[in-house]
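Peer 1: Input: one structure, supplied below.
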Amino acid sequence: MTRWLLTRYEHLTLWVEGVSGSDRVAHLHAGLLIWVVAALILRRPLRDIRPLLVVAAAEAINECADRYIHGNWRWPDTIGDAVTTLFWPVTIMLLLHLRPRLRR
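Using the working numbering, the first residue of the sequence shown is number 1, and each one after it goes up by one.
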């Protein structure tokens with residue numbers, strides 16, 4: 001059952017990558033989408049760390065699924081995916097934290 005579910009998940013991710021044009025663009029959009037949706041569901045502002053933790057957890061689960069499907073870690077891909085997924089949510093969150101200080 002787990003193998004079947006992960007295979008279906010892989011097919012979905014390959015389709016999303018095909019639609020978005022690349023793996024990196026898919027990760028970038030997924031990170032932003034999960035971050036905003038998590039903030040809405042949790043009713044927390046985007047400057048709160050909890051929505052970002054949801055993005056990090058989703059990315060970790062995605063990479064564990066990739067590892068299971070491929071049979072080993074592909075470290076350059078794993079690190080690149082994590083950086084791409086988290087880059088804009090982290091950057092925007094930090095800017096939202098710094099915004100009051102930047103106005104001075």
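The beta carbon of each residue, even a glycine, is placed where N, CA and C say it ideally should be.
Below 8 Å on the Cβ atoms is my contact criterion, and I expect Trp88 with Leu32 to pass it. Report the Cβ-Cβ distance as a whole number of Å.
Peer 2: Your numbering for residue 88 matches position 88 in the sequence shown. Your numbering for residue 32 matches position 32 in the sequence shown. Between Leu32 and Trp88 the Cβ distance is about 6 Å, and since that is below 8 Å, they are a contact.
Peer 1: Would you say the segment 76-84 touches the segment 43-55, given that touching needs at least three Cβ pairs under 8 Å?
Peer 2: Verdict: no, contact absent.
Peer 1: Which residues in the same chain as Arg50 place their Cβ atom closer than 6 Å to its Cβ, once the five residues preceding and following it in sequence are excluded?
Peer 2: Against the sequence shown, residue 50 aligns to sequence position 50. Once the five neighbours on either side are set aside, the close Cβ partners of Arg50 are Leu42 and Arg44.
Peer 1: Arg74 by DSSP, collapsed to three states: which one?
Peer 2: Counting from one through the sequence shown, the residue named residue 74 turns up at place 74. It is coil, neither helix nor strand.
Peer 1: Decide if His27 is buried, meaning its Cβ has at least 16 other Cβ atoms within 10 Å, or exposed.
Peer 2: If you number the sequence shown from 1, residue 27 lands on position 27. His27 comes out buried.
Peer 1: Which full runs of the alpha helix (DSSP H) of 4+ residues lie inside the segment 4-38, going along the chain?
Peer 2: Correct list: empty.
Peer 1: With distances taken from CA atoms, which of Leu53, Gly18 and His29 is nearest Met114?
Peer 2: Only positions 1 to 104 of the chain appear in this structure, which leaves residue 114 out of reach.
Peer 1: Which of the three DSSP states, helix, strand or coil, is assigned to Arg44?
Peer 2: Taking the first residue of the sequence shown as 1, we reach residue 44 at position 44. Correct three-state label for Arg44: coil.
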